[in-house]
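First the structure, in the form of structure tokens, and then the observations on it.
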Amino acid sequence: MIRRLPGSGRIALVVVAVLWAVAAVSPLFARRASEIRLDERLQAPSLAHPFGTDDLGRDVAARVVVATPISLTIGLVAAAVSLLVGFGIGAAAGYFGGTTDLLLSRLIEVVLCFPVLFLLLALAAFLPPSPATVVLAIGLTTWPSDARYARAEILKAKNLDYARAARAAGAGPARILLRHLLPNALPPLLVSAAFGVSWAILAEASLSFLGVGLPAPASSWGGILSAAPAYIEEAWWLALFPGLALFATVSAYNLLAESLRHATTEAGRT
Amino acid sequence: MTRYLVRRLLLAIPTLFGIVVLVFLLLHLAPGSPASAAGSPEAGRRVSAAAREEMRKLYGLDRPLPERFVKWIGRVARFDLGESFVDRRPVSERIREALPATLALNGLALFFTLAIAVPVGVAAGGRPEGPFDRASAVVLFALYSMPIFWAALLLQTLLSVKLGWLPLYGVSSDTAPAGLAGLADRLAHLALPVTCLTYASLAFFARLVRAGVVEARSQDFVTAALARGLSRRQALWRHAFRNALLPLVTLLGLLLPGLLSGSVIVERIFAWPGLGRLYFDSILSRDYPVVLGLSLLGGVTTLAATLAADIAAAIVDPRLREPA
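Just so you know, the protein sequences line up as chains L and S, in that order. For the first sequence, the positions run 1 to 270 when my numbering is used. For the second sequence, the positions run 1001 to 1324 when my numbering is used.
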């Protein structure tokens, strides 16, 4: 699979690997990130503080590093929740067809009708504040796109010879879906998952930026950015650097998804 | 045609019902409702006894579930969204007040999205892998991956704080002059929020236009048009693009939820008194009637928009009316 990726996809893979490596060493910076020094508040970037300091004199660079595992993990877990729910519902709709499909397709349509951020905000603000809430809120609002993807894939594959052979051999729906159709639909689902991760990271950042994301003291990139509007006239570095980390991560996952799509559709043609 | 119309409308009824049910479920997640009161008081965010009492009265929360549901349906059917907890005025009145600001913002954003996305998409799709296609792909990709609040903060820093060209936020200056200068002042205030809303949907839509044109241009009728001696430009716009247009029309309805989501963030950053900000403020102040009313409005509007787009497409293109 990796060998089929175009150059841009390999770059994206390297960026994602670097991000996870940063996440792995981030505990080393935890003390520095939480050290409050009011005598050094809102200092512009310098050698001592490459990304400047925030309104409490904390080192922004260290905070950005410490936030890395939080944003990455929440993105990954939320995307997994979304994929799980989406695949379950989409696969059932595609496989059983008929009334099941009609009902489940309406369900997908219903959720798609709402502005994602409306639902996200309501869930995140109404449920008790915790990382689990954030993950659940993102997963439960973004699954419809995964579901549509899974439905289309299963619909395509369910009448292919190998699926019919499995059915003729007496396999039940669960076995056919999980053992035969799921592995076959894996490459396109991987594309959906990579897009899902970038989406979930963005969603978490939006929630934290609006102040209904992770409860303090945990802070993700969005959480660091939430302080930026108040100091927009004096501290541009509060907006620039955490956002840059977010942008790089989202781009890397999107690029990875695009090149995976490229690789899988080209493989499908041969 | 009638059969298609009837079928499409019938399919929309369960979706509409689903939207109403989903908002009903949202209400039961709200702190102070029976669902959250069942857990420990610390589980939900704290709600005053008065607010709890108010909700109980308004939504009949002490009644059994089926009765509550019937009551909810009845209120929705009468377009009765209740009164805001914050200022006691009808929810519909508060929504009506905030609507124009959001319409102006989103209307302009939608206009610029289409005005830029269509030419860019057609030009890029006209010569796939050409220099313009490659360059625009990189730019669109970057825009697509850029968090809207980050873009807003950077634009504010650069254009408002450093260069002083545009106002930082708000709808108009406190000392706004009358007449033409006042209009210019308002437009200056619109520039940044509209830019932020536009770029996000622009990246999404231009890629769709490109994909549609790429698919259409390789078809026989485009070749035939070129063979008849039409210019490349004519073949592209009059033949390839017009055929790619239909699926795009049906997707237009789906731009709406994205724009409204963007509005929540953009209106907050730019202190814009529209629906997005009303929604966010209502979430924070636990003003449930407003939250539910706006959610319902958002869902129903999108449904109506997709329905209208589908029907419009079927009127123009008879192929879509054929049962699959």
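The C-beta atom is built at its ideal place from N, Cα and C for all residues, glycine as well.
Among the options, the one whose alpha carbon lies nearest that of residue i
i: S/Phe1024; options: S/Phe1149, S/Lys1162, S/Gly1074, S/Glu1215; result: S/Gly1074
i: L/Ala80; options: L/Thr68, L/Ala92, L/Gly243, L/Asp146; result: L/Asp146
i: L/Phe195; options: L/His180, L/Ala24, L/Ser82, L/Glu35; result: L/Ser82
i: S/Ala1104; options: S/Met1146, S/Leu1260, S/Ala1244, S/Gly1130; result: S/Leu1260
i: L/Phe247; options: S/Arg1319, S/Val1006, S/Leu1154; result: S/Leu1154
i: L/Pro45; options: L/Ala245, L/Thr68, L/Trp237; result: L/Trp237
i: L/Ser251; options: S/Val1171, S/Tyr1144, S/Leu1163, S/Lys1162; result: S/Tyr1144
i: S/His1239; options: S/Leu1252, S/Glu1215, S/Ser1282; result: S/Glu1215
i: S/Leu1168; options: S/Leu1011, S/Val1266, S/Ile1013; result: S/Val1266
i: S/Pro1064; options: S/Val1194, S/Gly1126, S/Gly1179, S/His1028; result: S/His1028
i: S/Thr1191; options: S/Trp1165, S/Val1120, S/Pro1177, S/Gly1179; result: Residue 1191 of chain S is actually Ala in this sequence, not Thr. Out of S/Trp1165, S/Val1120, S/Pro1177, S/Gly1179, S/Trp1165 has the C-alpha closest to the C-alpha of S/Ala1191.
i: S/Ser1160; options: L/Leu72, L/Ile232, L/Ile74; result: L/Ile232
i: S/Ala1101; options: S/Leu1284, S/Ala1309, S/Val1171, S/Ala1137; result: S/Val1171
i: L/Ala216; options: L/Glu40, L/Arg41, L/Pro129; result: L/Pro129
Residues near residue i by beta carbon distance below 8 Å, same chain, minus five either side
i: L/Ile36; result: Leu56, Gly57, Arg58
i: S/Ala1038; result: Reliability fails at S/Ala1038, whose pLDDT of 39 lies under 50, so the model's placement of it is uncertain and the value that follows must be treated cautiously. The answer is none, since no qualifying residue turns up.
i: S/Ala1314; result: Met1001, Tyr1004, Leu1005, Arg1008, Leu1320, Arg1321
i: S/Arg1089; result: Glu1083
i: L/Ile224; result: Asp54, Val60, Arg63, Val64, Ala67, Leu238, Pro242
i: L/Val218; result: What sits at residue 218 of chain L in the sequence shown is Ala, not Val. So the qualifying residues of the chain are Ile70, Pro131.
i: S/Val1232; result: The sequence shown places Arg at residue 1232 of chain S, not Val. Here the set comprises Gly1126, Leu1226.
Closer than 7 Å at the beta carbon, the chain L residues around residue i
i: S/Ala1030; result: Phe126
i: S/Ala1146; result: A small fix is needed here, since residue 1146 of chain S is Met in this sequence, not Ala. Going along chain L in sequence order, the residues near S/Met1146 (Cβ under 7 Å) are Phe247.
i: S/Val1291; result: Ala122
i: S/Ile1019; result: Val110, Cys113
i: S/Leu1026; result: Ala122
i: S/Gly1299; result: Cys113, Phe114
Proximal residues to residue i (C-beta, below 6 Å), its chain only, five neighbours per side dropped
i: S/Leu1226; result: Ala1235
i: S/Thr1198; result: Ala1109, Phe1112, Thr1113
i: L/Arg261; result: Val191
i: L/Ala78; result: Val135, Ile138, Gly139, Ala200
i: L/Pro144; result: Ile108, Val111, Leu112
i: L/Asn254; result: Ser198
Where residue i meets chain S, residues with beta-carbon distance less than 7 Å
i: L/Glu109; result: Thr1015
i: L/Leu202; result: Pro1147
Chain-ordered chain L contacts of residue i [CB-CB under 9 Å]
i: S/Val1264; result: Pro115, Leu117, Phe118, Leu121, Ser206, Leu210
i: S/Arg1096; result: Going along chain L, no residue has its Cβ under 9 Å from S/Arg1096, so there is no contact; the nearest lies around 18 Å.
i: S/Leu1108; result: Neighbours of S/Leu1108 on chain L: none; closest Cβ ~18 Å, over 9 Å.
i: S/Thr1302; result: Leu112, Cys113, Phe114, Pro115
Contacts of residue i in chain S (Cβ-Cβ under 9 Å)
i: L/Trp236; result: Leu1153, Leu1154, Thr1157, Leu1158, Val1161, Lys1162
i: L/Gly243; result: Met1146, Pro1147, Phe1149, Trp1150, Ala1151, Leu1153, Leu1154
i: L/Leu225; result: Pro1147, Phe1149, Trp1150, Leu1153
i: L/Glu40; result: By Cβ distance, chain S contributes nothing, its closest Cβ being about 22 Å from L/Glu40, past 9 Å.
i: L/Val60; result: Within chain S, no residue comes near L/Val60; the closest Cβ sits about 14 Å away, beyond 9 Å.
Contacting residues, own chain, Cβ-Cβ under 7 Å from residue i (five flanking each side not counted)
i: L/Ser226; result: Ser208, Phe209, Gly211
i: L/Pro69; result: Ala23, Ser26
i: L/Arg148; result: Gly90, Ile108
i: S/Ser1040; result: Low confidence applies to S/Ser1040: its pLDDT is 38, below 50, so where it sits in the model is not reliable, and the reading given next is rough at best. Closer than 7 Å at the Cβ level, and outside the excluded window around S/Ser1040, lies no residue.
i: S/Asp1133; result: Ala1124, Arg1127
i: S/Pro1247; result: Gly1212
i: L/Leu256; result: Gly9, Ala12, Leu13, Val16, Ala194
i: L/Tyr162; result: His180
Chain-ordered neighbours of residue i on chain S, where CB pairs are closer than 8 Å
i: L/Ser71; result: What L/Ser71 touches in chain S: nothing, since even the nearest Cβ is about 11 Å away.
i: L/Pro188; result: Here the premise fails: no neighbours, minimum Cβ distance about 17 Å.
i: L/Leu104; result: What L/Leu104 touches in chain S: nothing, since even the nearest Cβ is about 11 Å away.
i: L/Ser220; result: Ordered by position in chain S, no residue passes the 8 Å Cβ test against L/Ser220, which lies about 12 Å from the chain.
i: L/Asn254; result: Phe1141, Tyr1144, Ser1145
8 Å Cβ cutoff, residue i in contact with chain B
i: S/Phe1132; result: In the displayed structure, chain B is absent; the protein chains listed are L and S.
Under 8 Å from the C-beta of residue i: neighbouring residues of chain L
i: S/Ser1136; result: Residues of chain L passing the Cβ test: none, with the nearest at roughly 15 Å.
i: S/Leu1022; result: Val110, Val111, Phe114
Selection of the segment 1070–1087 of chain S by Cβ proximity to chain L, strictly under 7 Å:
none
Counting only runs that start and end within the segment 1251–1290 of chain S, where is the alpha helix (DSSP H) found for 4 or more residues in a row?
1255–1269, 1275–1284
At a CB distance below 9 Å, what residues from the segment 146–180 of chain L approach chain S? Give them in sequence order.
Answer set for the segment 146–180 of chain L: empty.
Contact list for the segment 1260–1285 of chain S against chain L, Cβ threshold 9 Å
Leu1260, Ser1261, Gly1262, Ser1263, Val1264, Ile1265, Arg1268, Ile1269, Gly1276, Tyr1279, Phe1280, Ile1283, Leu1284
What are the residues of the segment 14–35 of chain L that lie near chain S, defined by any Cβ-Cβ distance shorter than 7 Å?
none
Quick one, which residues of the segment 72–95 of chain L are near chain S if we go by CB-CB under 9 Å, in chain order?
none
Near-chain L residues of the segment 1164–1198 of chain S (beta-carbon distance less than 8 Å), N- to C-terminal order:
Leu1168
Run through the segment 15–77 of chain L for me and flag every whole beta strand (DSSP E) of 3 or more residues, listed as ranges in chain order.
none
Can you give me, in chain order, the residues of the segment 128–143 of chain L that have a beta carbon less than 8 Å from any beta carbon in chain S?
Pro128, Pro129
At which residue ranges does the segment 1177–1237 of chain S contain complete alpha helix (DSSP H) runs of 4 or more residues, listed in the order of the chain?
1179–1217, 1220–1227
Ordered list of alpha helix (DSSP H) runs contained in the segment 1109–1154 of chain S, each at least 4 residues
1131–1145
Could you give the uninterrupted runs of the alpha helix (DSSP H) lying entirely in the segment 1057–1095 of chain S, keeping only those of 4 residues or more?
1065–1077
According to a CB-to-CB cut-off of less than 8 Å, which residues of the segment 1218–1245 of chain S neighbour chain L?
none
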